[in-house]
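Let me begin by presenting the structure, written as structure tokens, before commenting on it.
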Amino acid sequence: MGVTNLRVMGGSELSADGGLQRAFNRPDGTQDVDLMAGLDFLLVEMAARGMKAVVYLTNFWDWSGGMMAYLSWVNDGRTMVTNDPSAPWPAFPEYVAGFYTTPAAIARYHAYIRTVVGRTNSISGVRYTDDPTIMSWQLANEPRPGGDPVAAAARLPAYYGWIEGTADLIKSLDHNHLVSTGSEGLMGCLERADCVARAHAPRSIDYLTIHVWPHNWGWLDYRDMARTYDAGWERSTDYIRQHAAFAGLLRKPMVVEEFGFPRDGPEYGPGSPTTYRDRFYRSLLEQVAASPGLISGSNFWTWIGGEEAGWGRSIFRPRRQAADPNAHHEPAGWYNVWAADTGTRGVLTEAAQALQAV
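Position one of the sequence shown corresponds to residue 1 (the numbering used here), numbered consecutively onward.
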């Protein structure tokens with residue numbers, strides 16, 4: 001397909017309340033040696049294919065443990081689960097955002113960063129700090145300052161401090177690689193332009209990131225694509241343009257590093273239609289290609305490859321409801337790109353060829 005950049009998990013946390021069955025980092029401060037070796041293998045195989053990696057180091061969401069796990073490790077196991085009916089939104093993001101004001105949790109996270117950034121690849125013998133396969137270290141997947149506008153606004157100084165402090169730490173360990181936030185942009189920053197600007201302002205943050213999720217954010221209704229698709233696309237393209245303007249003001253590049261669109265539904269398995277997804281992918285990727293001075297690249301969510309035979313298997317604990325690699329609150333296969341999705345693969349191949357010609 002011509003894909004040259006992968007955004008990959010380089011940090012996950014073992015949680016007693018669900019999430020992944022195995023994780024890189026454990027409550028006792030040790031790491032899963034097999035998973036660490038797996039990251040080594042991934043980087044070696046990517047290098048052989050001329051690919052670059054954006055490595056994110058934890059998660060705001062609990063499907064991989066994330067900040068919630070770090071909090072539970074230092075507060076006697078207290079935790080909360082996404083979409084718990086007994087704790088209506090925005091209880092979950094508000095609770096998780098307590099991470100930014102919990103020094104003990106941040107210390108555990110920083111200790112893991114020192115471990116992984118300072119690692120030497122067990123296969124190639126190359127130090128991660130010297131590995132050209134790594135393009136960027138990323139603070140987290142979708143770090144938010146919270147969910148309640150008033151409470152989260154009061155937390156913004158701690159949020160900004162966590163971003164700058166962590167980015168500075170990574171730069172002190174590794175002078176060779178870029179550092180990024182993993183932010184969604186406005187939708188992950190209280191829909192405040194000043195929040196996006198301040199979060200990406202530190203010198204140790206090298207570029208802006210945004211994510212685009214038109215269905216998750218209520219910009220369209222997947223049950224009525226014929227009527228709502230156009231409005232959803234307009235919201236999406238405006239969102240991208242707005243953040244490109246922010247990047248211009250900060251004089252930093254921008255990457256649309258995560259975008260997802262549901263299958264036509266109501267079925268999500270291999271062979272189910274992707275008519276509107278293909279249309280959305282094509283439009284977004286054309287916008288990226290047409291903005292080389294503003295937008296430096298894009299990553300779609302998510303490739304699952306030729307796993308049709310394993311449909312229904314889950315990397316999550318039994319109580320979770322999704323097959324890999326989607327988050328547990330999303331229907332299995334909803335955002336997956338299967339190897340059998342020839343239409344979507346064709347769109348991605350055309351986009352890669354167009355970018356190579358720029």
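Just so it is clear, CB atoms sit at the ideal spot from N, CA and C, and this is done for glycine as well.
Cα-Cα separation between residue i and residue j, rounded to whole angstroms
i: D32; j: S12; result: 10 Å
i: A373; j: W301; result: Look at the range of the chain in this structure, 1 to 358, and you will see that residue 373 is not part of it.
i: G297; j: Y276; result: 22 Å
i: L220; j: W213; result: 10 Å
i: V150; j: W61; result: 21 Å
i: G77; j: N59; result: 18 Å
i: N216; j: M46; result: 31 Å
i: D34; j: G343; result: 36 Å
i: T181; j: N299; result: 15 Å
i: N141; j: A226; result: 32 Å
i: R49; j: G293; result: 26 Å
i: D174; j: P88; result: 41 Å
i: V74; j: A105; result: 6 Å
Proximity below 7 Å, CB of residue i to CB of residue j
i: P143; j: R155; result: no
i: V337; j: D278; result: no
i: S124; j: V44; result: yes
i: Y100; j: M80; result: no
i: K252; j: L186; result: no
i: M1; j: R263; result: no
i: R26; j: L14; result: yes
Beta-ladder partner(s) of residue i, from DSSP
i: F259; result: V212, F300
i: N25; result: E13, Q31
Cβ neighbours of residue i in the same chain (closer than 8 Å, five flanking residues each side left out)
i: T237; result: S283, L284, Q287
i: T349; result: M1, G2
Close-in-space but distant-in-sequence residues of the same chain around residue i (CB under 7 Å, 5 per side omitted)
i: M9; result: Y56, S64
i: A351; result: L285, A289
i: A97; result: R144, P145, G146, A152, R155
i: P202; result: I163, E164, A167
i: Q353; result: G2
i: R22; result: D32, L35
Beta-carbon proximity list for residue i, same chain, < 6 Å, skipping 5 on both sides
i: L355; result: A289
i: R119; result: Y128
i: G188; result: E142, R144
i: G260; result: W213, W301, Y335
is_contact[residue i, chain B] using C-beta, thresh 7 Å
i: P214; result: Note that chain B does not occur in the displayed structure, where there is just one protein chain.
Segments of 4+ residues assigned as alpha helix (DSSP H) that fall wholly inside the segment 263 to 301: 275 to 289
Runs of beta strand (DSSP E) lying entirely within the segment 114 to 178, each at least 3 residues, in chain order: For the beta strand (DSSP E) assignment, the uninterrupted runs of no fewer than 3 residues enclosed by the segment 114 to 178 are, from N- to C-terminal side, 134 to 138.
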